[in-house]
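So that you can map any letter, position 229 of the sequence shown is 229 in the UniProt record's numbering, and since no number is skipped, the others follow by simple counting. Quick reminder that beta carbons are idealized off the backbone N, C-alpha and C, glycines included. In this text the structure is predicted, and so the values were computed from the model without any measurement.
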Amino acid sequence: MKKIPLHFQILVALIAGTILGIIFNPGEISLEDQTLTVSPVAGGFEVVQKAAEQDPQEYEFTDREQLLKRFPELKSLFNTGDPEKTVSVKVTGRLIHIVDSARKISLTYSRNVDQKKTVTSISAQSGEELEKQYPEWKEDYEKYGTGISQTVMAVSKWLGDLFLRLLKMVTIPLIVTSLITGIASLGNATRFGAMFSRTLLYYFSTSLLAIFTGIFVVNLIRPGIGAELPGGSGSLSSGTDSVGSIFLEMVDRLVPTNIIHSLGEGEFLSIISFSMLTGIFIILVGGKHAKVLTDFFQAGFEVMMRMTMFVISLAPIGVLAFMVYAVSSQGFEIFQTLAWYMVAVFLALLIHAVVILPCLLKFVARRSPVKFARAMSPALMTAFSTASSNGTLPLTMTCVEENAGISNEVSSFVLPLGATINMDGTALYEAVAVMFIAQAYTGIVMPLEQQILVAVTALLASIGAAGIPHAGLVMMAIVLQAVGLPLEAQGVIIAVDRVLDMCRTSVNVWSDSCGCAIIERYR
């Protein structure tokens, strides 16, 4: 019997995982209304927590940080400074999900404090620790945290994470051996310089195209006008991180002080720069020493590719698990709240993925976009489900070489570099998200000079973004600071970030693959 092609297996896993996720989604659960009374006292704050039919609970905190760690939903009260007198707020909310795994209990919930929504996640190592740190969650945990839906979420998350760990296990040795082998096989430094310059030109151009596409769409739709986010209202200001400082920090990360530490910590910019230099100096040394080292790294690359093929054969299982967890753990109400924001991100990503990049494939690489997309479909679907471009890298390399017919000399150089510094989807997302936050925060469209600053900062931040789930949120903080927006505004976006992360990761991988086709055409 003929084996079912991998891309069909992954597609079936995507569909099955979505259906199972819908079945086991517990839905959002209304939480009991509470009143929190915050009073400044000598040396800190006193908080009285009162819920219906329960005795009031009193807490004392020595500083604001302690208080907000215990009651993160109160952050909006402190945006303009500490309250000078007793303040009472009504707190309502919904429990989005509880995942009770063998290692950790994770809760995600949304709160409305004075009609300002925040989304918060807390975690504890056991039920006893949860009760000790967050006693108000004990009843909800016992009621909602141990059912069949939570068990399915926990098992699927564990299984998906295990598959992602397998992919990450082979990623770094695959990057090192493939980069060194690919550069050393060029034979001379001149050919490396030509390929390097063309690759960087492609990455820079497509990232800028993606950012300006996002800016165009968000100016067209204006999803933030009329929306309310944590952080209240205000005006834009100069941030703490300049574009120059961001660039210098990125350059610093290119030069590792300890390559063993960089390998252990997965610092991809450092790993790639060291591997590229190793390949270049193998060429420069030449002779029998170069041959010994080239053969050594070539042997290592062959072993890693064989190991990678084994891991890739497990992709349908990992994709199924990731989709079950992603769909079953997401609340639906928050998607309605952020509908226009999600539309803006989806539309911008769609334009870049199905218009701009296919045009480059058709007119620059001289390839059929449809055939190339079909060849890359296993990698794109895996990227979508795992939301990790670094984790998908082994499968991307396999699809590019075996399905698309691109030489290992090109793929082994372009793809590892692209998985680290070519983040079209991430750069686009950061630009859209920051401008959405700015519109919601100020009530107006961001001025042109601020939009240019967002574009440049998003480009640099995306270069340094790790190819892991939710890395865009971490890098978004840099862009927010550049235009003086509150970091708390990210709170509500986190609720829909997983879905958007899956989409933008697929665009990242698609752009890297298209880059391979273009560089192959002109090498």
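In this structure, the alpha-carbon of residue 42 lies about 38 Å from that of residue 97. Setting aside the 5 residues that flank it on each side, residue 312 is surrounded in the same chain by 394, 395 and 398, each with a C-beta closer than 7 Å to its C-beta; the list follows chain order. Per DSSP, the continuous alpha helix (DSSP H) segment holding residue 385 begins and ends at 369 to 386. In this structure, DSSP gives residue 394 a helical state, which the three-state scheme calls helix.
Ranking 376, 511, 322 and 348 by CA distance to the CA of residue 424 puts 511 first. Between residue 508 and residue 328, the gap from beta carbon to beta carbon reaches 8 Å or more. Under the Cβ criterion (8 Å, minimum of three pairs), the region 405 to 412 does not count as touching the region 263 to 272. For the pair of segments examined, the region 281 to 299 was found not to touch the region 421 to 437: the number of CB pairs separated by less than 8 Å stays below three.
Relative to the Cα of residue 444, the nearest Cα in the group 224, 323, 55 and 198 belongs to 224. In the structure shown, the three-state DSSP call for residue 39 is strand. Counting along the chain, the unbroken alpha helix (DSSP H) around residue 317 starts and ends at 315 to 328.
Taking C-beta atoms as the reference points, residue 316 and residue 13 count as a pair closer than 8 Å.
Rounded to whole angstroms, the separation of the alpha carbons of residue 85 and residue 35 is 16 Å.
With fewer than 16 neighbouring CB atoms inside 10 Å of its own CB, residue 522 falls in the exposed class.
Between residue 516 and residue 400 a beta carbon distance of about 5 Å is seen, short of the 8 Å cut, so the two are scored as contacting. For residue 97, the enclosing beta strand (DSSP E) has its first and last residue at 87 to 100. Its Cα nearest to that of residue 44, the residue 61 stands out among 51, 220, 56 and 61.
By the neighbour-count criterion, in which a residue is buried when 16 or more other Cβ atoms sit within 10 angstroms of its Cβ, residue 264 is exposed. For residue 84, there is no enclosing beta strand (DSSP E), as DSSP marks it with neither H nor E. For residue 260, the closest C-alpha among the options 248, 108 and 275 is that of 275.
Contact between residue 391 and residue 164 holds: CB atoms are separated by about 5 Å, below the 8 Å threshold. Rounded to the nearest whole angstrom, the CA to CA distance from residue 73 to residue 128 is 23 Å.
Non-local C-beta neighbours of residue 343 in its own chain, meaning closer than 8 Å and more than five positions away in sequence, comprise 221 and 223, ordered along the chain.
Check the Cα spacing between residue 180 and each of 293, 27 and 156: the tightest is with 293. Of 255, 209, 452 and 457, the smallest CA-CA separation from residue 355 is found for 209. Here the alpha carbon of residue 479 sits roughly 6 Å from the alpha carbon of residue 458. Taking 8 Å as the cut-off, the beta carbon of residue 153 is found no closer than this to the beta carbon of residue 113. With respect to residue 10, residue 308 sits apart: the two C-beta atoms are not nearer than 8 Å. DSSP places residue 272 in no beta strand (DSSP E) but in the uninterrupted alpha helix (DSSP H) bounded by 268 to 285.
By the Cβ-count criterion, residue 267 is buried, with 16 or more other Cβ atoms from all chains shown falling within 10 Å of its own Cβ. When C-alpha distances from residue 219 are compared across 387, 345 and 120, the shortest belongs to 345. For residue 361 against residue 199, the beta-carbon gap comes to about 16 Å, at or over 8 Å, which does not count as contact. Per DSSP, reduced to three states, the secondary structure at residue 485 is coil, with no helix or strand assignment.
Taking C-beta atoms under 8 Å as the contact rule, residue 460 and residue 348 fail to qualify, at a distance of about 19 Å.
Measuring C-alpha to C-alpha distances from residue 122 to each of 8, 26 and 68 identifies 68 as the nearest. For residue 33, same chain residues with a beta-carbon under 8 Å away, outside a window of 5 residues either side, are 51, 52, 90, 91 and 92 in chain order.
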